[in-house]
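Counting from 9, one number per residue, gives the positions in the sequence shown under my numbering.
Using N, Cα and C, we set each Cβ at its ideal position, and we do this for glycine too.
Notes follow once the structure below has been shown.
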Amino acid sequence: MQVTPYMYLIVLPMVFLASTVDAIAGGGGLISLPAYSLAGLNYDFASGNNKFSSTFGTLMATIRYYRSGKLMVVPALIAAIAALPGSWLGTRAAMALGNRVMQIFMLFAIPVVGALVLFNRKTAEESKPVTKRQYPLCVLIGLVIGFYDGFFGPGTFLIVLFTHLLGMDMVTASATAKPVNLFSNIASLATRIAAGNVLFALAFPAMACSVMGGWLGAKLALTKGARLIRFVMLGVLVLLTVRLAMEWLA
Numbered sequence: 009m010q011v012t013p014y015m016y017l018i019v020l021p022m023v024f025l026a027s028t029v030d031a032i033a034g035g036g037g038l039i040s041l042p043a044y045s046l047a048g049l050n051y052d053f054a055s056g057n058n059k060f061s062s063t064f065g066t067l068m069a070t071i072r073y074y075r076s077g078k079l080m081v082v083p084a085l086i087a088a089i090a091a092l093p094g095s096w097l098g099t100r101a102a103m104a105l106g107n108r109v110m111q112i113f114m115l116f117a118i119p120v121v122g123a124l125v126l127f128n129r130k131t132a133e134e135s136k137p138v139t140k141r142q143y144p145l146c147v148l149i150g151l152v153i154g155f156y157d158g159f160f161g162p163g164t165f166l167i168v169l170f171t172h173l174l175g176m177d178m179v180t181a182s183a184t185a186k187p188v189n190l191f192s193n194i195a196s197l198a199t200r201i202a203a204g205n206v207l208f209a210l211a212f213p214a215m216a217c218s219v220m221g222g223w224l225g226a227k228l229a230l231t232k233g234a235r236l237i238r239f240v241m242l243g244v245l246v247l248l249t250v251r252l253a254m255e256w257l258a
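This is the structure:
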């Protein structure tokens with residue numbers, strides 16, 4: 009496939025915006041994936057290129073959060089390692105089956121998650137320590153979110169699980185989610201590269217934009233705190249609902 013100036017014009021600014029949003033609250037793929045499709049890539053190439061750029065944006069956000077001290081390293085690594093097989097299975101399922109079943113499930117799940125984010129404002133002001141007894145829960149979270157991320161997409165739900173199941177505050181949950189998203193992206197990306205679904209002439213410039221967006225998004229989350237994260241999460245959930253409704257009615 010020949011890369012044209014039109015593709016760069018569409019993809020690069022949208023990838024920067026998507027990476028910024030993703031670093032704050034997850035769900036940047038709701039912006040970047042349609043951009044790749046609008047640029048003329050079919051679903052497989054759009055997904056492969058999206059995974060390529062988002063992986064490096066998530067890496068930058070992970071580094072930024074780690075340097076801030078807000079990232080809980082051990083729970084993140086446990087969930088991240090568990091996300092690897094989950095993401096591989098989810099990606100293979102998506103490639104084999106499509107996403108119709110997950111669409112139906114998400115149409116019911118999104119209102120529940122949205123209500124949790126909107127009405128439950130009593131999330132922790134400071135994170136509780138994650139004990140060894142909670143490590144199996146970290147494994148389960150990683151497996152489920154890895155499969156979901158590989159199959160369908162937005163990692164916003166990981167922040168919800170960390171806040172409600174492990175007692176993290178919003179900023180810590182967003183920070184700790186990033187290594188899990190990173191490992192999941194790596195596993196999914198490896199599958200897409202092996203299938204030949206990455207257009208590198210477009211992927212590398214998009215990667216640079218994603219890195220810049222990841223740095224900016226993490227900085228905004230750290231300085232603006234829980235209110236910004238909650239606001240962006242709700243925006244992501246609205247976008248996801250609109251996307252699902254459009255695909256369902258198409």
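Excluding five sequence positions before and after A88, the CB atoms of its chain that fall closer than 8 Å to its own CB belong to G150, P187, V188, L190, F191 and S192, given in chain order.
Residue state for P42 is assigned as helix, using DSSP reduced to three classes. Here the stretch 227-244 makes contact with the stretch 16-34; the two share three or more CB pairs at distances below 8 Å. The beta carbons of S45 and A33 sit no closer together than 7 Å. For the alpha helix (DSSP H) assignment, the uninterrupted runs of no fewer than 4 residues enclosed by the stretch 196-237 are, from N- to C-terminal side, 208-232.
The alpha-carbon separation between A209 and R251 amounts to approximately 28 Å.
If you draw a straight line from the Cα of L25 to the Cα of R235, it is about 19 Å long. For the pair V244 and M68, the CB atoms are not nearer than the 7 Å cut-off. One thing to note: C217 has its Cβ within 7 Å of the Cβ of L20. DSSP places V152 within a helical segment (H, G or I) once states are collapsed to three.
Taking all protein chains in view, the Cβ of N50 is surrounded by fewer than 16 other Cβ atoms within 10 Å, so the residue is classified as exposed.
R200 and S61 have their C-alpha atoms some 13 Å from each other. Relative to M80, the option among D177, L17 and V246 whose CA is nearest is D177.
Distance from P83 to T184 at the Cβ level is roughly 6 Å; contact confirmed, criterion being Cβ atoms closer than 8 Å. F170 counts as buried, since at least 16 other C-beta atoms from the protein chains shown sit within 10 angstroms of its C-beta.
Sequence-distant Cβ neighbours of K59 in its own chain, meaning closer than 7 Å and more than five residues away, are N193, S196, L197 and R200.
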